[in-house]
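Contents: one structure, followed by commentary.
Numbering (the numbering used here), first residue to last: 14 to 513.
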């Protein structure tokens, strides 16, 4: 024991006492002694003191002798003075004097409804108790916040205001709470191409283990399902390098496309592609920021290619480069569930022979004579059937996807929104700083909507601190910001700086 504890022990030895157990909820004096004054704001101390005086029928003299040191007597006086302008309090006081109501009483100038202290409708006083129940106790939801208030305090519409006014307007909650609702915004499938090779979707897979100076795969997917091509490149390739690869691998095989679908990779957003569009008329259709569903064809190709490579690479993940041709051949000869045809069938009109016949053909057998025009007509018929099947598949996909999505909130220019940080969280961590994505805000903002395209669930935001970020976002990444005009203590934070 320390010297102080030894002195206590010697002093207490002069007394004859019994040690008995007291429940924590009844031992309020000890609970008060165990708390450091700096752990709780003064406003919370005032509210705590009021909580322990909630009923004149309960004596907490021992506890109050300690808590009253930190209690704000001004608040008590303000509550008593507020009764004079509160219609409900004035009527309750009349009923108490007339003994026309049971369960209500007045003690030391404070009115009680049962065991609950009546709080007058003074905005900043009500806000103090809301702040104690919600902010101080950890920004929990309505049920837990209301549970902390209802046993000790009462004022008309306390429950409604807490649920509909205070908690929804809480800026920290708007920034930090994860979404639990369905994603918003319906699925908008891309239109079915009019011809074989009108539209191509581009994407990258990588970086991969380097082989022969290549560590990335450029995937090229025809949106009608008639062609898939893979090209190995290096991750340091420039936009000009990718343009040459696209020319050699796609243009020289299938001619000039009308549309290019891609994500917002820096290689696709460069000035070179803008020049290509100007010279050739090829439309560049890029997804909104962090919305992979736009380039669904590429994502499906990438998933299939990644899965196939896993079966072919060695334990050290080498050998993927040499396996690309046979993987492409397998995919090209596989029937697409959406079109009902394999890419080979839509490109050449037939499927290649893979396994030789077990019984050789008779020597006198002659190949059937087929007119070239018949082949072309059959190929055109297959393409039209594939277009119909693809359209049906897109409608079916949109129907099933929209079953699990909430109705879209339509924003107008000038509206304020919060932007999800889900796809940017991993980039918040900076070198040399011990920060983790788990503790980052779930949304930042508010940002102002400057352009709205509700027909495709796309909105353009003003990003004053992020000039290098594309400002177009899908509705699923946005939620309305509720400005706090009623409670001054809840103010919006300045937009967080997102990584460029």
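Backbone N, C-alpha and C define an ideal beta-carbon position, used for all residues, glycine too.
Less than 8 angstroms separating the beta-carbons of residue i and residue j?
i           : j           : result
residue 474 : residue 430 : yes
residue 351 : residue 364 : no
residue 418 : residue 195 : yes
residue 277 : residue 483 : yes
residue 488 : residue 197 : yes
residue 119 : residue 100 : no
residue 424 : residue 472 : yes
residue 248 : residue 219 : yes
residue 295 : residue 273 : yes
residue 293 : residue 269 : yes
residue 311 : residue 401 : no
residue 416 : residue 470 : no
Report buried or exposed for residue i, applying the criterion of at least 16 other Cβ atoms within 10 angstroms of its Cβ.
i           : result
residue 187 : buried
residue 102 : buried
residue 34  : exposed
residue 260 : exposed
residue 335 : exposed
residue 139 : buried
residue 253 : exposed
residue 437 : buried
residue 30  : exposed
residue 112 : exposed
residue 144 : buried
residue 458 : buried
residue 309 : buried
residue 403 : buried
residue 75  : Bear in mind that the predicted position of residue 75 carries a pLDDT of just 39, short of 50, making it too unreliable to give a figure here.
residue 449 : exposed
residue 21  : exposed
residue 324 : exposed
residue 255 : buried
residue 349 : buried
residue 129 : buried
Whose C-beta lies closer than 6 angstroms to the C-beta of residue i among residues of the same chain, with five residues either side of it excluded?
i           : result
residue 114 : 108
residue 181 : 495
residue 28  : none
residue 299 : 275 and 277
residue 492 : 431
residue 476 : 482 and 484
residue 191 : 455
residue 95  : 133 and 135
residue 224 : 334
On the DSSP bridge assignment, give the partners of residue i in chain order.
i           : result
residue 487 : 471
residue 197 : 419
residue 459 : The partner list for residue 459 (beta bridge, DSSP) is empty, contrary to what the question assumes.
residue 216 : 232
residue 131 : 167
residue 179 : Looking at the DSSP assignment, residue 179 forms no beta bridge with any residue, so it has no partner.
residue 432 : 457 and 491
residue 242 : 233
residue 120 : 123
residue 224 : 227
Whose C-beta lies closer than 7 angstroms to the C-beta of residue i among residues of the same chain, with five residues either side of it excluded?
i           : result
residue 426 : 462, 463, 464 and 465
residue 399 : 237, 238, 352, 353, 354 and 359
residue 142 : 60, 132, 162 and 166
residue 185 : 152
residue 504 : Caution applies to residue 504, whose pLDDT of 37 falls short of 50 and renders its modelled position unreliable; the value that the coordinates give is listed next. So the list reads 184 and 497, once near-sequence residues are dropped.
residue 146 : 158, 161 and 162
residue 206 : 212, 236 and 237
Keeping to the same chain, check which residues put their C-beta closer than 8 angstroms to that of residue i; ignore five residues upstream and five downstream.
i           : result
residue 222 : 228, 329, 330, 331 and 333
residue 410 : 200 and 202
residue 241 : 232, 233, 234, 235, 314, 341, 344, 345 and 356
residue 176 : 155 and 159
residue 23  : none
residue 148 : 183 and 185
residue 243 : 230, 231, 232, 233, 318, 337, 340 and 341
residue 91  : 135 and 138
residue 172 : 159 and 163
residue 168 : 101, 131, 132, 133, 134 and 139
residue 150 : 157, 158 and 161
Using 7 angstroms as the cut-off, classify the Cβ of residue i as near or not near the heavy atoms of the ligand ZN, replying yes or no.
i           : result
residue 147 : Among the components of this structure there are no ligands whatsoever, and the ligand ZN is therefore not found.
Cβ contact check for the segment 197-214 and the segment 153-166: 3 or more pairs under 8 angstroms: No, because fewer than three Cβ pairs between the segment 197-214 and the segment 153-166 fall closer than 8 angstroms, the two stretches do not touch.
Sufficient close CB pairs (3 or more, under 8 angstroms) joining the segment 204-217 to the segment 227-247: At 8 angstroms Cβ cutoff, the stretches touch.
Three CB pairs or more closer than 8 angstroms across the segment 119-132 and the segment 145-159: Look at the beta carbons and you see the segment 119-132 not touching the segment 145-159: under three pairs across the two are nearer than 8 angstroms.
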